[in-house]
Amino acid sequence: MDDAPLLEIKDLHVHFHVYGGILRVLDGVSFVVHRGEKVGLVGETGCGKTTTMKATLRVLPMPPARIPGGQILFQGQDLLKMRDDRLRRVRGRGISMIFQDPTAALNPVFTIGQQIRAVVRHSTEKRLSRSQIHDRMIQPIREVALPDPERMLGSYPIQLSGGMRQRVCIAMALVADPKLLIADEPGTSLDVTIQDQILRLLGRLVEEKDLSVILITHTLGIVRQLTDRVYVMYAGTMVEVAGTEELFRNPLHPYTHGLMEAVPRLTGGGVSDGIPGRIPNYLHPPPGCRFHPRCPHVMDVCRQEKPGFYRVSGDHEVACFLYRDKERSA
Amino acid sequence: MADILTFNDLKKHFVIGQEGFLRREPITVKAVDGISFAVQEGETFGLVGESGSGKSTVAYTTIGMYRPTTGTIRFRDKDLFADKKRPLALRKQIQIVFQDPGSSLNPRRTVAQILALPLRLHRPQENVLQQTAQLLDMVELTLEYMHKYPQTLSGGEKQMVAIARALATEPSFVILDEPTSALDVSIQGKIINLIMRLQREFNLTYLFITHDLSLMRNVASRVAIMYLGKICEIADAVEFFRTPYHPYTQMLLASIPVLSEEEEALKPRKTVSRGEIPSPVNIPSGCSFHLRCPRHMDICSVVDPVMVEVEAGHSVRCHLFPPS
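These protein sequence lines are chains E and P, in that order. Take the first sequence: its position 66, counted from the start at 1, is 66 in this note's numbering, and no numbers get skipped. Remember, this note's numbering sits 1000 above the position in the second sequence when you count from 1.
Okay, here's the thing in structure tokens:
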């Protein structure tokens, strides 16, 4: 692995200014993706996974969103300070994204061909001939194993099934040969057998093209299947990061632990009660550790101070005071 | 155990349009196309299927939102569709909890008003306020919730109110149509355990509809798998997860993302998901699964297989298991 990370998010804060006040949605999120690495970002609805990625691509609506602090370094350059025209070259060619709902991601009134052509044109400064454009359109459609590519180009999204639409979105994301692919819940809106196909396709393409990937999901099983390293998010903060195998073998943060317990297992044995309480209101987030009102191990310090990241072993770090004294220097 | 609800060759077809110029032919969706099974008193019967398999149509027909095209549903020897309008006494017995509590609760009514409606209709002689309080207590909500509106509740709390509403009529049979799939996993457990506790306390029978097989493993006593309007496999839950016979069942199980090696070992290894779910307007000939089936034979595209009991209580509809 290269020593300089491909993407490094440092202490990112995102606030939304709304009628009732300021929603402190991201509260100091840090995140690293190395070249060729597959990183998972796990958390439940509303924990800020998508906000983090939208901030990275600078597609958050501002206002109401504001970024009062933090850096997002992509190949060493701060995306938050980048000029718009240069940023446009990063989007698509540097970083591209696959969204959860392929139906909403495609424009219903244009054919697949028209939509891919726009991406192909945008993917390079060079003037391409008609046949070059055509080749660059067909190539990614073949790669995602869509049947009959020529006919596919003339189809409208409504003529395709959900699984095929997601394949089209993946093809579009790959047109410009990005370095980093952000996949936001790529299979969630699909049936489980179709989701399995999409995830295996994604896994294969990532291997073949040596892409770096951020996989955002709330399904722990998917992360286990596809990633090397996992970040766990809760209520706008990172709570734990570890190698995938290590995390599933030895989840340390009480939230991660509760989350894993809550997943019904194929081996049976009943379902745990899950985690009591609900995610906090971002208008008045709890002081100290944002998880403390729901935590079974809460201590006085948790209510007052925000925990730092404590390294417990090689690449396993956890933001919880329970592990402050167990910290080891790696 | 006695059967409480019996489906006999139930079909529900919807006409969605017409095609042809000179001779207009109706276009039909065969949402449910001949299913037969019986739910036993006190059990949790799991109905599993992907979108478009017809599992929700089964639910809606059972509660009387649709009338069957052909076939019958019997509730303790009473035909649910004998009368033009289902009698109140029968409606009271069969209740439903919908998937999305955000849209199944009226946003303009308080929790107390939502719960009072079925109470007034089905239990007019009782004290509504007292019963409302009791219902809230049953689903572990405090009395403060009475005057709240649904939009101020979390997803889990809304679903608790929906469960309380279903139980307001003192039913014996409750249909749970994906009761937790709109919720986060950390909330799901609490709702599931509440549902299971209520079943023990009030001796309820459940028809539990879900697409989540891992969840099914933990709640159901028996499981049926639906594909394009038909049941392809029914078995006792333990047996079902140990030896799934139907190639579609194996494909479903092989597709589940799991958290541990122990679970990985339970998944059929050779089966890999392929193909798309066909449109229910254009169901393939013969066995509707044959286009995706890794083990399809010549006969599969021509003849629709019949349900065969392979072992006691374990039936499969597949040509690999011919009737003897």
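We put the CB at the ideal spot given by N, CA and C, even for glycine. Since the structure is predicted, the reported quantities are computational estimates derived from the model, not experimental observations.
Local conformation of residue i per DSSP, three classes
| i | result |
| --- | --- |
| residue 196 of chain E | helix |
| residue 282 of chain E | coil |
| residue 1128 of chain P | helix |
| residue 1193 of chain P | helix |
| residue 80 of chain E | helix |
| residue 1156 of chain P | helix |
| residue 1017 of chain P | strand |
| residue 119 of chain E | helix |
| residue 1177 of chain P | strand |
| residue 1063 of chain P | coil |
| residue 1273 of chain P | coil |
| residue 1232 of chain P | strand |
| residue 256 of chain E | helix |
| residue 1104 of chain P | helix |
| residue 131 of chain E | helix |
| residue 1049 of chain P | strand |
| residue 1163 of chain P | helix |
| residue 244 of chain E | helix |
| residue 94 of chain E | coil |
| residue 1035 of chain P | strand |
Cβ-Cβ distance between residue i and residue j below 8 Å
| i | j | result |
| --- | --- | --- |
| residue 1247 of chain P | residue 1295 of chain P | yes |
| residue 1288 of chain P | residue 1278 of chain P | yes |
| residue 1011 of chain P | residue 1064 of chain P | no |
| residue 15 of chain E | residue 22 of chain E | yes |
| residue 1190 of chain P | residue 274 of chain E | yes |
| residue 1128 of chain P | residue 259 of chain E | no |
| residue 1147 of chain P | residue 1182 of chain P | no |
| residue 219 of chain E | residue 229 of chain E | no |
| residue 234 of chain E | residue 47 of chain E | yes |
| residue 8 of chain E | residue 73 of chain E | yes |
| residue 169 of chain E | residue 102 of chain E | yes |
| residue 1051 of chain P | residue 197 of chain E | no |
| residue 221 of chain E | residue 282 of chain E | no |
| residue 1293 of chain P | residue 1232 of chain P | no |
| residue 266 of chain E | residue 1103 of chain P | no |
| residue 57 of chain E | residue 49 of chain E | no |
| residue 310 of chain E | residue 318 of chain E | yes |
Buried versus exposed, by CB contacts within 10 Å (16 or more), residue i
| i | result |
| --- | --- |
| residue 316 of chain E | buried |
| residue 1307 of chain P | buried |
| residue 142 of chain E | exposed |
| residue 79 of chain E | buried |
| residue 1322 of chain P | exposed |
| residue 17 of chain E | exposed |
| residue 1152 of chain P | exposed |
| residue 1237 of chain P | buried |
| residue 1018 of chain P | exposed |
| residue 1339 of chain P | Residue 1339 of chain P cannot be examined here, being either before or after the span of chain P that is shown, 1001 to 1324. |
| residue 337 of chain E | Residue 337 of chain E lies beyond the residue range present for chain E, which begins at 1 and ends at 330; the question has no answer from this structure. |
| residue 1297 of chain P | exposed |
| residue 181 of chain E | buried |
| residue 1088 of chain P | exposed |
Member of the options whose CA lies at the smallest distance from the CA of residue i
| i | options | result |
| --- | --- | --- |
| residue 1219 of chain P | P:1103, P:1160, P:1265 and P:1207 | P:1207 |
| residue 1033 of chain P | P:1303, P:1229, P:1058 and P:1321 | P:1229 |
| residue 1269 of chain P | P:1249, P:1161, P:1177 and P:1137 | P:1249 |
| residue 1167 of chain P | P:1299, P:1193 and P:1115 | P:1115 |
| residue 45 of chain E | E:184, E:161, E:88 and E:210 | E:184 |
| residue 1256 of chain P | E:307, E:191, E:280 and E:285 | E:191 |
| residue 1046 of chain P | P:1223, P:1310 and P:1017 | P:1223 |
| residue 211 of chain E | E:41, E:136, E:242 and E:178 | E:178 |
| residue 176 of chain E | E:303, E:151, E:146 and E:119 | E:119 |
| residue 99 of chain E | E:288, E:252 and E:214 | E:214 |
| residue 91 of chain E | E:148, E:123, E:66 and E:112 | E:123 |
| residue 154 of chain E | E:172, E:115 and E:171 | E:115 |
| residue 1030 of chain P | P:1007, P:1041, P:1057 and P:1092 | P:1057 |
Bridge-paired residues (DSSP) for residue i
| i | result |
| --- | --- |
| residue 1308 of chain P | P:1316 |
| residue 1026 of chain P | P:1018 |
| residue 1077 of chain P | Beta-bridge pairing links residue 1077 of chain P to no other residue. |
| residue 184 of chain E | E:216 |
| residue 1008 of chain P | P:1072 |
| residue 1095 of chain P | P:1174 |
| residue 65 of chain E | E:16 |
| residue 1245 of chain P | Answer is none; residue 1245 of chain P lacks a bridge partner. |
| residue 136 of chain E | Answer by DSSP bridge pairing: none, since residue 136 of chain E is not bridged. |
| residue 318 of chain E | E:240 and E:310 |
Contacts that residue i makes with chain B (C-beta to C-beta distance below 8 Å)
| i | result |
| --- | --- |
| residue 152 of chain E | Among the protein chains in the structure shown, which are E and P, there is no chain B. |
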